[in-house]
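Asker:
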Amino acid sequence: MASEEVKTGESAVEKIVNLAEEAKLAREEIKPTSHALLSISKSLVAGGVAGGVSRTAVAPLERLKILLQVQNPHNIKYNGTVQGLKYIWKTEGFRGLFKGNGTNCARIVPNSAVKFFSYEQASKGILWLYREQTGNEDAQLTPLLRLGAGACAGIIAMSATYPMDMVRGRITVQTENSPYQYRGMFHALSTVLRNEGPRALYKGWLPSVIGVIPYVGLNFAVYESLKDWLIKSKPLGLVEDSELSVVTRLACGAAAGTIGQTVAYPLDVIRRRMQMVGWKDGASIVTGEGKSKAPLEYTGMIDAFRKTVRYEGVRALYKGLVPNSVKVVPSIAIAFVTYEQVKDILGVEIRISD
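For the sequence shown, this note's numbering gives the first residue as 60, with consecutive numbering after it.
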């Protein structure tokens, strides 16, 4: 009888011990999951903050660039960066310089968050495949692999937020004299959806995606490769990434932005023009009071390229390049540095290729 009680007691103790062990294992499994979710959240927050800060800092130049891209060549209102900014200030005041920035931030914050996060995940996946293929566990990402990771990130982010980019372009070019006013992003989205159909929200998507491959891809590839080169060659006596100063990172970001936007700019012009197609109330914005009051219609990206070059020359593909260059260099630089600084503050590891 006593032995049965002992056996029963031992069995109960074993059950308690087993339950304790299972609970411990469960906690150990939950911790990494919670940590991963927290890390993802911090990464998305850092990317969103980087996008909002960088775009707001250069909002006047962003608006002028779009106005230059779509204005009628027979009725020039914006003639150069300085004159264009002065004209906007004179006709629309301080608020005119930042018109469309709220909508732009509503788009760029999730776009930037998804872009930076996607780049990190794509980099990790590509690096893993590269190490598996080469059999070298110490292999690092090459500039070409970084270009691929950046291209993946750009396509994902662009596609996820494209409808907001489309309506932001229209809100940005409308003026006080426009025959029809979009009151904001959601009003513009609902109006386009109602009047032009769901497909209209993706006008210009193809050139956007094609353009974002070299643009975002080169941005990340050049930025990360420049940082690696500075660390390995030690021209400034630097040893670790954390020792790179803010000024040095800004310089790396500026170089990345300059190269990327120069390569992809013609596609940006074409997508803006395609976004205006079908907007009957926007005809006066695009064509003004010039020789042709009827806006050109484009059947696709190739047709838009052909008509733009035919009627306005090759130089039309680079309309707005100067203010865009002035804008994109500090914008990309600020975005990269803000992203890394915010992640440092939040305590998230930012090196991907290590």
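Think of the CB as a built atom: it goes at the ideal place given N, C-alpha and C, for glycine as much as any other residue.
Predicted model, so just to flag it, every value in this text is computed and none were measured.
Ala280: which of Arg205, Val336, Leu303 and Ala259 sits nearest, CA to CA?
Answerer: Ala280 has its Cα closest to that of Arg205, out of Arg205, Val336, Leu303 and Ala259.
Asker: DSSP three-state label for Asp197, please.
Answerer: Note: Asp197 maps to coil in three-state DSSP.
Asker: Is the beta carbon of Ala181 closer than 8 Å to that of Ala219?
Answerer: Cβ distance not < 8 Å, so Ala219 and Ala181 don't count as in contact.
Asker: Mind reading off the beta-carbon distance from Tyr282 to Ala315? Whole number of angstroms is fine, and I expect it under 8 Å.
Answerer: Between Ala315 and Tyr282 the Cβ distance is about 4 Å, and since that is below 8 Å, they are a contact.
Asker: Specify the secondary structure class of Phe364 as computed by DSSP and reduced to three states.
Answerer: If DSSP states are grouped into helix, strand and coil, Phe364 belongs with the helices.
Asker: Rounded to a whole number of angstroms, what is the C-alpha to C-alpha distance between Ser102 and Val112?
Answerer: Distance between the alpha carbons of Ser102 and Val112: 16 Å.
Asker: Below 7 Å CB to CB, which residues in the same chain sit around Phe395 once its five sequence neighbours on both sides are set aside?
Answerer: Contacts found: Tyr282, Arg308 and Gly312.
Asker: Evaluate Ile361 with the Cβ neighbour count: other Cβ atoms within 10 Å of its Cβ, from every protein chain shown; 16 or more gives buried, anything less gives exposed.
Answerer: By the neighbour-count rule (16 or more Cβ atoms within 10 Å), Ile361 is not buried but exposed.
Asker: Of the choices Pro389, Ser384 and Pro266, whose alpha-carbon is the least far from that of Thr358?
Answerer: Checking every option, the nearest Cα to that of Thr358 belongs to Pro266.
Asker: Going by DSSP, what residue range makes up the alpha helix (DSSP H) through Phe279?
Answerer: Here the alpha helix (DSSP H) through Phe279 covers Trp264 to Ser292.
Asker: Within 10 Å of its beta-carbon, does Ile393 have 16 or more other beta-carbons around it, so buried, or fewer, so exposed?
Answerer: Classification of Ile393: buried, given that the 10 Å Cβ count is 16 or more.
Asker: Would DSSP call Arg242 helix, strand or coil?
Answerer: Correct three-state label for Arg242: coil.
Asker: Taking only the alpha-carbon atoms, compute the straight-line gap between Val336 and Ala259 and give it to the nearest angstrom.
Answerer: Those two C-alpha atoms are separated by around 9 Å.
Asker: At what residues does the alpha helix (DSSP H) containing Gln320 begin and finish?
Answerer: Taken as a continuous stretch (DSSP letters only), the alpha helix (DSSP H) holding Gln320 covers Val305 to Met335.
Asker: Exposed or buried, Phe176, counting other C-beta atoms within 10 Å across all chains shown (16 or more means buried)?
Answerer: Phe176 should be labelled buried.
Asker: Which of helix, strand or coil does DSSP assign to Gly161?
Answerer: Of the three classes helix, strand and coil, the one that applies to Gly161 here is helix, per DSSP.
Asker: For Val226 and Leu303, what's the separation of their Cα atoms in angstroms?
Answerer: So the two alpha carbons sit approximately 39 Å from each other.
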